[in-house]
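Enquirer: In the working numbering, the protein residues as written are 4 to 290.
Glycine residues also receive a C-beta, built at the ideal position from the N, C-alpha and C atoms.
Small disclaimer: the values here were computed from a predicted structure and weren't measured.
I am attaching a structure below and will ask some questions about it afterwards.
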């Protein structure tokens, strides 16, 4: 078990007029190698939660375990935790600061105390994995496009060879092609490296397409935690908390209401297309 969250609560500005409970008694288990989607409306607690997973925020009460060890135990190495549980923030420019791309990606493994040769080898491999071309290595990261900056930020985390990769809105502000490029790379990393991926996103289409499990946050608590099919079957409840299902879900329910024999549990375009073609064939329309 990679990460376990036990009775986790967090209160901002405790004891002041601005006190606010951001998380309430969260209990979660995140197994090795799982691709998890984390969704919720603005203010639901999802960003606060992910910052607990690598120790950037300390819980007001409760515990976080990484590989069976309580990260709040005396003497626990947060430096080691953050090399194994990598977090890429929504705005990559907040994580980029070196003079050129290659040096920036070297920063993490260099701080692990590795030899220069290994640091540079890890940086090259990480940049290759995220699909950034070598011609950009000596450029300033601030000269790059938004999508390229995201790749560099992700590479900087990958160079530390984490077991868990947390991505907070990695495609925010990107065009459709840029969004697909980034998420396809992340999906490939998940398959090839067998790392745990936690994807925070407002795009229900992206969540449905890539993840195997969805955790829905609402008012600092877990509302749903299940497969995409099961979670999106509660689309009316999701709407009540400011969320939605993929557009495919609404299409399939609309067709069902019109008498089509389709699977309303379809959450992706390929699943919907298969179900619609099957319904057409059954009805004899395709003949």
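Do the segment 181 to 190 and the segment 152 to 171 meet, that is, are 3 or more Cβ pairs less than 8 Å apart?
Expert: Segments in contact, yes.
Enquirer: Around the Cβ of residue 98, are there at least 16 other Cβ atoms within 10 angstroms (buried) or fewer (exposed)?
Expert: In the chain shown, residue 98 corresponds to position 95, counting from 1. So residue 98 counts as buried.
Enquirer: Helix, strand or coil for residue 106, going by three-state DSSP, please let me know.
Expert: Your numbering for residue 106 matches position 103 in the chain shown. Residue 106: helix per DSSP, three-state reduction.
Enquirer: Between which residues of its own chain and residue 172 is the CB-CB distance below 8 Å, once the five residues before and five after are set aside?
Expert: Translated into the one-based positions of the chain shown, residue 172 becomes position 169. Same-chain partners within the cutoff: 93, 203, 204, 205.
Enquirer: What does the alpha-carbon distance come out to for the pair residue 243 and residue 124?
Expert: Taking the chain shown and counting its residues from 1, the one referred to as residue 243 is at position 240. Taking the chain shown and counting its residues from 1, the one referred to as residue 124 is at position 121. Using only the alpha carbons, I get a separation of about 49 Å.
Enquirer: Examine the ligand FMN and report whether any of its heavy atoms sits within less than 7 Å of the Cβ of residue 135.
Expert: Only the bare structure without any ligand can be found here, which leaves the ligand FMN out of the picture.
Enquirer: Go through the segment 153 to 218 residue by residue and report every complete run of the alpha helix (DSSP H) that reaches 4 residues or more, in order.
Expert: With a minimum length of 4 residues, the continuous alpha helix (DSSP H) runs that stay inside the segment 153 to 218 are 179 to 196, 207 to 213.
Enquirer: Measuring CB atoms only, is the segment 118 to 138 touching the segment 173 to 181, in the sense that at least three cross pairs come out at less than 8 Å?
Expert: Not touching, per the Cβ criterion.
Enquirer: Check each candidate in 35, 75, 18, 13 and name the one with the smallest Cα separation from residue 50.
Expert: As a working mapping, residue 50 is identified with position 47 in the chain shown. Of 35, 75, 18, 13, the residue nearest in Cα terms is 13.
Enquirer: Can you list, in chain order, the residues of its chain whose CB lies under 6 Å from that of residue 164, leaving out five sequence neighbours each side?
Expert: Taking the chain shown and counting its residues from 1, the one referred to as residue 164 is at position 161. Same-chain partners within the cutoff: there are none.
Enquirer: Do residue 159 and residue 110 have their C-beta atoms closer together than 8 Å?
Expert: In the chain shown, residue 159 corresponds to position 156, counting from 1. In the chain shown, residue 110 corresponds to position 107, counting from 1. Contact flag set, yes.
Enquirer: DSSP has residue 23 in a bridge; who is on the other side?
Expert: Here residue 23 is taken as the residue at index 20 of the chain shown, counted from 1. Looking at the DSSP assignment, residue 23 forms a beta bridge with 15.
Enquirer: Using the C-alpha atoms, what's the distance from residue 59 back to residue 113?
Expert: As a position in the chain shown, residue 113 is number 110, starting the count at 1. As a position in the chain shown, residue 59 is number 56, starting the count at 1. Residue 113 and residue 59: Cα-Cα distance of roughly 20 Å.
Enquirer: Please report the distance separating the alpha-carbon of residue 105 from that of residue 140.
Expert: For the purposes of this step, residue 105 is identified with residue 102 of the chain shown, where counting begins at 1. For the purposes of this step, residue 140 is identified with residue 137 of the chain shown, where counting begins at 1. Near 5 Å, if we compare the C-alpha coordinates of residue 140 and residue 105.
Enquirer: Based on DSSP bridge pairs, tell me the residues matched to residue 88.
Expert: Here the question's residue 88 lines up with position 85 in the chain shown. Bridge partners of residue 88: 167.
Enquirer: Does DSSP put residue 258 in a helix, a strand or coil?
Expert: On the chain shown, residue 258 is found 255 positions in, with the first residue counted as 1. Looking at residue 258 - three-state DSSP - the assignment turns out to be helix.
Enquirer: To the nearest angstrom, how far is the alpha carbon of residue 289 from that of residue 279?
Expert: As a position in the chain shown, residue 289 is number 286, starting the count at 1. As a position in the chain shown, residue 279 is number 276, starting the count at 1. With a pLDDT of only 49 at residue 289, under the threshold of 50, the placement of this residue in the model should not be trusted, and no figure is reported.
Enquirer: Near residue 19, which residues of its chain fall below 6 Å by C-beta distance, leaving aside the five closest residues on each side in sequence?
Expert: The sequence position of residue 19 within the chain shown is 16, counting from 1. So the list is empty, once near-sequence residues are dropped.
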